[in-house]
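Inspection log for the structure reproduced underneath, given as C-alpha cells.
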Amino acid sequence: MKIIYVYDTIAVVGGIERIFVDKMNYLADHLHHEVYLITSSQGEHPISFPLSPNVQHIDLDIRYHVCYGYPLPQRIWMKFRLQQLSKKRLKDTIKKIDPDIIICTTTYMVTEICRLKCRAKKVIESHGARDFIHLTDDFKMGFFKDLRNEWNTRRRFRQIEKCSDAVVVTLTQADAKAWSKAPHVRVIPNFTKFIVPQSSSCEVHRVIAIGRLTYQKGFDRLIDAWTIVNRRHPDWKLDIFGEGIRREALSKQIRNNGLEKSVTIHPFTKNIAQEYLNSSIFALSSNYEGFVLVLLEAMGCGLPCVAFDCPNGPAETIRNGEDGFLVENGNIKEFAEALCHFIEHEEERKSFGHRARKNIERYAPEVIMPMWEKLFNELKEK
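Numbering (the numbering used here), first residue to last: 2 to 383.
This is the structure we're talking about:
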C-alpha cells in the first residue's frame, strides 16, 4: 500500500514530530508499506528524529522565511506566490506517486489535502486538544495576530468537518467528542517505544518534569506547587527539562520563590531515559494536552505520576489511585499534597511506579499499529 505523510517541516524536537517519524518507520520497516514523507519547507534542516531509509522523503522546497525581509506589500505578494507554488508542487507530487492513503495533521497544509481530488483516502490526525489548537506556543502575540490565528484555525476546522471523504483520527475519546461534526472520526492513541530494560528504583530524592517552556505546559503552576513541597521536604529536588520562550520568566519565579537550590531548569537532553531512571516521581502540570508522550515515557521507566486533570490526555492514561494521581485542574495545593504523599510514602511510591510500567503496555507499537492497519484496509476497501 502506498502511504503519504504530509507535514510542513520536521525540524523541531517535539512529540508530534517524534510520533510522526516513529509511525512512518514502523509502517515501512515492519508492515512493509511504501511510505513517503512530503514536507513543504524542510530545506537544509535535518529531520529531528532518525528516519528509516525505507521512507522516501520529498521536500517541496518552499522558503516562506525569505518574505520577512521585505516591506509589507511585497511580503504579502511573495507569500501569496509561494503558497500557489506550494499548492502546485504538492498536487503534482501526489499525482506522480498516486497513493492509496494520504495522512496529514490539522496544520495549514490540510486545506489543500481537503480540496484535493484524487483516488487516495484522506486521514487527518488531530494531535492536540481541538479546543486549544488555535493557541500558539505562547499565544499573547498581540490582539490582532491572536485573533487572526484563531480565525484561521477555526476556518481549517470547518473545512475538515465539510470534507466528506476524510477520516479524522483523534488521540483521545474526549477530543473525538470535540470533532463530533466531522463525518468520520476514529480514536487511535499514540504508541511509545520508550520502555527501557531497567526501572527506576524510586529512591532518589528527585522529581522530574519535561516539556517546552510555554504556557501550555504550566510550569509556573508546578513551581508554585513546589514552593509548598519545599517547605516540608527541602532535601528533595525538582528538575525541569525543556526549552522555550518562558525560560526567563520561570527562572525569575524560581528566584522570587527562593527555590534556587531546589529547582533547576535544564535544556533538553538526548539521554532522557537516564534522567527518568534517576528520578522517583514525574510531574505533569499542563494547562491542556493532546496526548502526553512524556507521560508514557515516565511510566515506562517505572515512575509514579502526578498530573492536573486537564483536557484532554492525562485522564485517559493515568489510572487515578493505581499508577498515579489526577488532581483537579489548577488546584495548586492539592497538586503539592499529591507530590508530598508520594515523597512521604516510599513503598507506595514504588508500587505505583511498578503498576505504571505494567499499565502502559497497552500503548506498545504492537498494540497500536494494528489499529492503523485495520483503518487503512477499511478505507481501501471502500
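Heads up, the beta-carbon is just placed ideally off N, CA and C, and yes, glycines get one too.
- Per DSSP, Val205 lies in no alpha helix (DSSP H) segment and is marked neither H nor E.
- Between the alpha carbons of Arg213 and Lys163 lies a distance of about 33 Å.
- The beta carbon of Gly219 is closer than 6 Å to those of Ser286, Ser287 and Asn288 in its chain, skipping five residues each way along the sequence.
- The segment 354 to 370 makes no contact with the segment 327 to 336; the number of CB pairs closer than 8 Å stays below 3.
- Under DSSP, the beta-bridge partners assigned to Arg187 are Val170.
- Cys203 and Lys351 do touch by the CB rule: their CB atoms are close to 5 Å apart, below 8 Å.
- A check of alpha carbon separations from Glu374 across Val67, Leu61 and Asp101 identifies Asp101 as the nearest.
- Per DSSP, the continuous beta strand (DSSP E) segment holding Ser127 begins and ends at Lys122 to Ser127.
- From the listed residues Leu239, Ile104 and Lys271, the smallest Cα separation to Lys122 is found for Ile104.
- The Cβ atoms of Phe292 and Gly314 lie closer than 7 Å to each other.
- In terms of Cβ geometry, Asn191 and Ile20 form a close pair [threshold 7 Å].
- The Cβ-Cβ distance between Gly354 and Leu304 falls below 7 Å.
- In this structure, Ser53 is the residue among Thr10, His346, Gly301 and Ser53 with its C-alpha nearest to the C-alpha of His31.
- By the neighbour-count criterion, in which a residue is buried when 16 or more other Cβ atoms sit within 10 angstroms of its Cβ, Gly16 is buried.
- With contacts defined as CB atoms closer than 7 Å, His234 and Ile161 fail to qualify as a contacting pair.
- Look at Thr40 here: in three-state DSSP terms it is strand.
- Pairing Met110 with Phe158, the inter-Cα distance amounts to about 12 Å.
- If one requires a minimum length of 3 residues, the beta strand (DSSP E) runs lying completely within the segment 274 to 298 are 282 to 285, in chain order.
- For Lys3, the enclosing beta strand (DSSP E) starts and ends at Lys3 to Tyr8.
- If you draw a straight line from the Cα of Ile125 to the Cα of Ile266, it comes to about 35 Å.
- If you draw a straight line from the Cα of Lys3 to the Cα of Glu244, it comes to about 37 Å.
- For Leu239, the enclosing beta strand (DSSP E) starts and ends at Lys238 to Phe242.
- DSSP places His342 in the helix class (H, G or I) of the three-state scheme.
- A Cβ-Cβ separation of about 6 Å places Arg207 in contact with Asp240 under the 8 Å criterion.
- Annotated three-state conformation of Gly354 is helix, per DSSP.
- Straight-line spacing of the CA atoms in Phe50 and Pro198 works out to 21 Å.
- In the DSSP annotation of this structure, the continuous segment of the beta strand (DSSP E) that includes Ile104 starts and ends at Ile102 to Thr106.
- Around the Cβ of Ile255, a 10 Å sphere holds 16 or more other Cβ atoms; the residue is buried.
- Between Ala179 and Asp132, the C-beta gap is smaller than 7 Å, which places the two residues in contact.
- Membership of Leu327 in the beta strand (DSSP E) is indicated by the continuous run Gly325 to Val328.
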